[in-house]
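Chemist: Heads up: the sequence shown is residues 32 to 472, going by my numbering.
The C-beta atom is built at its ideal place from N, Cα and C for all residues, glycine as well.
Have a look at the structure that comes next, please.
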Amino acid sequence: MKHRGRHRRRRRGRALRATLAGTALALTAAATMISTSQATDADDPGALKPLTASAETAPLRLTEGSVPPEWLDRLSAEMGRPVGVRAVLDDTDGSLRDAAACPEDDRRALPVEPAATRAYCWDGADVEGWRSGAVTTSGDADDDGRWGQSRVVLSGWSQGGVLADGTPAEGPAAAGPGQGLARVAFIDAGDPDDLRYTWAQLAVPVDDGRDYRGLVSPVSGMVWYQDKLLVTAGRGDGSTLYVYDVDRVQRTTVDGATVGRVPGGWSAAGARYVLPAVASYRTADVNAPQPGGISLDRSTAPDSLVAHEAVPKEHDGPTRLWRYAFDDDRSRAGLLATDSVGQADVVAAYETELTDVRSVLSYGSGWYLGRMTGTPQERGTLWRQDGEGARPTRCGADETHRCWSGPAASLSYWQETGEVWSQSGRMLFALPLDSVDHSLD
């Protein structure tokens, strides 16, 4: 049973703050060298355009499907009793390093302005061949910011495969026997100076629960809400979202390279834990818009799931944004609100003239949109847009706006602390949402 705690502890490392401040100053100096010809990246996209016609919103409708309970029971009978989040956190695979101990090349992925106030990096050997994706936290899961007594960050990764828009991944990570597999790091964030993590493979039950396969998808979007974890699925997988129950983590018994039942037990591509899906959401049309990123909005009633559209690189806009309501029925904790036939309709949808949107966050009247403005190695822009207009964050007193992290693909607001969490390359970082608003041009 989950026990909620209201205890607050907000330790900050002075050395880390000094390192981040120094990094931000260095990156700001580099950012000011951007030519004025790139000022077009800050062209005003104007206000959000509401989409209200049925022809515009109907393709976004989702149909919910549940994994039969007997399948999950059969897996548990074969693999052993499921464990919860605390048991996973206590079985550590490794530790993150704070920014002061991170390679300079990794720190280049941090935003310039607003600057990160907390940042950590992954050991390169542990994530070699994997691509970072979405982030969600126990601040999404529960409004007190904790799961039980634990403060937790979940970090999604994928191995090779395809990008959120369906195009092949490039580089060394695009090939290999684990191509496209998705996994999640459960990070114990109780001590800000000592973040420890444990890997869990995302999986989908098959063969009536006698086996499971690895989820093959980029983890471009992820939201932990109540006891459910919602994860975006690539277009080739057949689903739009998969749903996982964080209280149904299974232990593996064989350290193998494959995923599923193997001679002698169960394997999960090197991970000691596996999360089997308990439900999924699909669109009726395989060509319907797919979410490229998702996040939780606790400022609505009921709480809602927001998404931005996954589009190919050559897409010249507009980009669609939309939201679904979460069900307030306790028997459906963590699931979307559906009608009598199991369909979830959008409760609001918009168009933005921004292109290359890679992250989304909605809170209050504002939509925060992270945008790539070149290659993943280049800096991106971060915008706040609403029904009145749009503003980008600025590079200090400079006129340029390429201050955000280029490859950052996720935004998650931890309401209890006021922080936004994101991940870029090997860097996991946080910064106050207020600092985003103060940086708007």
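Counting only runs of 4+ residues fully inside the region 62 to 149, write out the alpha helix (DSSP H) ranges in chain order.
Modeler: Whole alpha helix (DSSP H) segments, 4+ residues: 85 to 88, 100 to 110, 116 to 120, 135 to 138.
Chemist: Classify G160 as helix, strand or coil using the three-state DSSP reduction.
Modeler: As a first step, residue 160 is located in the sequence shown; it is residue number 129 there, counting from the start. Three-state result, G160: coil.
Chemist: What are the start and end residues of the beta strand (DSSP E) that includes V262?
Modeler: Translated into the one-based positions of the sequence shown, residue 262 becomes position 231. Start and end: 259 to 263.
Chemist: Just checking my contact of S335 with V378 at CB under 8 Å: how many whole Å lie between their CB atoms?
Modeler: The residue labelled residue 335 in the question sits at position 304 within the sequence shown. The residue labelled residue 378 in the question sits at position 347 within the sequence shown. Confirmed, Cβ separation roughly 7 Å.
Chemist: Hey, quick one: how far does the beta strand (DSSP E) through V235 stretch, first residue to last?
Modeler: Working through the sequence shown from its first residue, we reach residue 235 at position 204. Run containing V235: 227 to 237, per the beta strand (DSSP E) assignment.
Chemist: Could you spell out where the beta strand (DSSP E) holding Q254 opens and where it closes?
Modeler: Translated into the one-based positions of the sequence shown, residue 254 becomes position 223. Contrary to the premise, residue 254 reads as Val rather than Gln in this sequence. Residues 253 to 256.
Chemist: Quick one, which of G211, V342, Q180, T168 has its alpha-carbon nearest F217's?
Modeler: Residue 217 sits at position 186 when you count from the first residue of the sequence shown. Closest by alpha carbon: T168.
Chemist: What separation, rounded to the nearest whole angstrom, lies between the Cα atoms of A239 and L106?
Modeler: On the sequence shown, residue 239 is found 208 positions in, with the first residue counted as 1. On the sequence shown, residue 106 is found 75 positions in, with the first residue counted as 1. For clarity, residue 239 is Asp in the given sequence; the question names Ala instead. In a straight line, the C-alpha of D239 is about 9 Å away from that of L106.
Chemist: When the distance is taken between beta carbons, is V309 closer than 8 Å to W297?
Modeler: Position 266 of the sequence shown, counted from the start, is the residue given in the question as residue 297. Position 278 of the sequence shown, counted from the start, is the residue given in the question as residue 309. Contact: no.
Chemist: Going by the DSSP bridge assignment, what does Q190 pair with across the sheet?
Modeler: In the sequence shown, counting from the first residue as 1, residue 190 sits at position 159. Partner(s): W161.
Chemist: What number of angstroms, rounded off, separates the C-alpha of A264 from the C-alpha of V250?
Modeler: Counting from one through the sequence shown, the residue named residue 264 turns up at place 233. Counting from one through the sequence shown, the residue named residue 250 turns up at place 219. Distance between the alpha carbons of A264 and V250 is about 7 Å.
Chemist: Under 7 Å Cβ to Cβ from G456, same chain only, skipping five residues before and after it: list those, please.
Modeler: Here residue 456 is taken as the residue at index 425 of the sequence shown, counted from 1. So the list reads D137, A140, S163, P438, once near-sequence residues are dropped.
Chemist: Using the Cβ count rule (16 or more neighbours within 10 Å means buried), how would you classify P322?
Modeler: As a working mapping, residue 322 is identified with position 291 in the sequence shown. Flag for P322 reads buried.
Chemist: Just the C-alpha distance for L459 and A130, rounded to the nearest angstrom, thanks.
Modeler: Taking the first residue of the sequence shown as 1, we reach residue 459 at position 428. Taking the first residue of the sequence shown as 1, we reach residue 130 at position 99. Each residue's Cα considered, the two are about 9 Å apart.
Chemist: Does the Cβ-Cβ distance between A288 and A300 come in under 8 Å?
Modeler: Position 257 of the sequence shown holds residue 288. Position 269 of the sequence shown holds residue 300. Yes, the pair counts as a contact, with Cβ atoms nearer than the cut-off.
Chemist: Counting only the same chain and skipping the five closest in sequence on each side, list residues whose C-beta sits under 8 Å from that of L471.
Modeler: Indexing the sequence shown from 1 puts residue 471 at position 440. Around L471: R415, R422, P423, T424, R425.
Chemist: The alpha helix (DSSP H) with H432 in it runs from where to where?
Modeler: By 1-based counting over the sequence shown, the position of residue 432 is 401. Element bounds for H432: n/a, residue is neither H nor E.
Chemist: Any contact of the region 97 to 114 with the region 380 to 398, i.e. 3+ C-beta pairs under 8 Å?
Modeler: Because the criterion of three Cβ pairs below 8 Å is not met, the region 97 to 114 and the region 380 to 398 do not touch.
Chemist: For T123, count the other beta carbons within 10 Å of its own beta carbon; 16 or more makes it buried, fewer makes it exposed. Which is it?
Modeler: Residue mapping note: residue 123 aligns to position 92 of the sequence shown, counting from 1. Per the 10 Å Cβ criterion, exposed.
Chemist: Among residues of its own chain, excluding the 5 on either side of M110, which ones have a beta-carbon nearer than 6 Å to its beta-carbon?
Modeler: Numbered from its first residue, the sequence shown carries residue 110 at position 79. Excluding positions up to five away in sequence, the list reads Q281, W297.
Chemist: At the level of alpha carbons, what is the spacing between E419 and S390?
Modeler: Taking the sequence shown and counting its residues from 1, the one referred to as residue 419 is at position 388. Taking the sequence shown and counting its residues from 1, the one referred to as residue 390 is at position 359. Cα to Cα, the separation comes out at about 21 Å.
Chemist: Answer yes or no: do G411 and R433 have a C-beta to C-beta separation smaller than 8 Å?
Modeler: Residue mapping note: residue 411 aligns to position 380 of the sequence shown, counting from 1. Residue mapping note: residue 433 aligns to position 402 of the sequence shown, counting from 1. Their beta carbons are under 8 Å apart, which means G411 touches R433 by this criterion.
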